[in-house]
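Everything in the sequence shown is counted per the numbering used here, starting at 853 for the first residue and increasing by one.
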Amino acid sequence: MKKLIVLCVVSLLTISSSFATKNPELVQEIERKVIVDLSGVELDEYNTDYVLVDFKIIDDEIKIVEINGTSAELKEIIIKELCEIEVDSEYNSKYTYRYKFTFELR
Numbered sequence: 853m854k855k856l857i858v859l860c861v862v863s864l865l866t867i868s869s870s871f872a873t874k875n876p877e878l879v880q881e882i883e884r885k886v887i888v889d890l891s892g893v894e895l896d897e898y899n900t901d902y903v904l905v906d907f908k909i910i911d912d913e914i915k916i917v918e919i920n921g922t923s924a925e926l927k928e929i930i931i932k933e934l935c936e937i938e939v940d941s942e943y944n945s946k947y948t949y950r951y952k953f954t955f956e957l958r
């Protein structure tokens, strides 16, 4: 059952994050590299949980500018995942990207 929830959430991450930024290459790269383990997280049964992240890419690393969300635990997971990513492509370091990760039980 937990694997089903994780698979559903990963597919939801793909859907919701693709609309959050207008750079498809960056969306694909983040989708490949962000692996969220929700086995220990209790999601809201009635509402969609989310994490909204504003970040810059400086020296191939993601630098979080601002992060908001419905759960401190989800924010910590996303911060950890994004800070571990080394970005492969060149992106404008002056531009702030916005990404929204959504999580819901099905």
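We treat Cβ as the ideally placed atom computed from N, Cα and C, and that holds for glycine. Being a predicted model, the structure only gives us computed values, none of them experimental.
- Between the beta-carbon of Ile-931 and that of Ile-916 there is about 6 Å, and that keeps the pair under the 8 Å contact cut.
- Taking each of Thr-922, Arg-958 and Arg-950 in turn and checking the Cα distance to Phe-907, the smallest one comes out for Arg-950.
- Every beta strand (DSSP E) of 3 residues or more that sits fully in the region 888–947 is shown, in chain order, as 901–910 and 913–921.
- Secondary structure at Arg-884: helix, using DSSP grouped into helix, strand and coil.
- Around the beta carbon of Asp-911, fewer than 16 other beta carbons sit within 10 angstroms, so the residue counts as exposed.
- Leu-934 is positioned such that its CB atom lies no closer than 7 Å to that of Leu-895.
- Comparing alpha carbon positions, the residue from Asn-944, Glu-942 and Glu-883 closest to Phe-953 is Glu-883.
- Here the alpha carbons of Leu-926 and Val-888 stand approximately 9 Å from one another.
- Going by DSSP, Arg-958 is part of no beta strand (DSSP E) at all; its letter is neither H nor E.
- In this structure, Tyr-898 keeps its C-beta atom at 7 Å or more from the C-beta atom of Gly-921.
- Straight-line spacing of the CA atoms in Leu-890 and Ala-924 works out to 13 Å.
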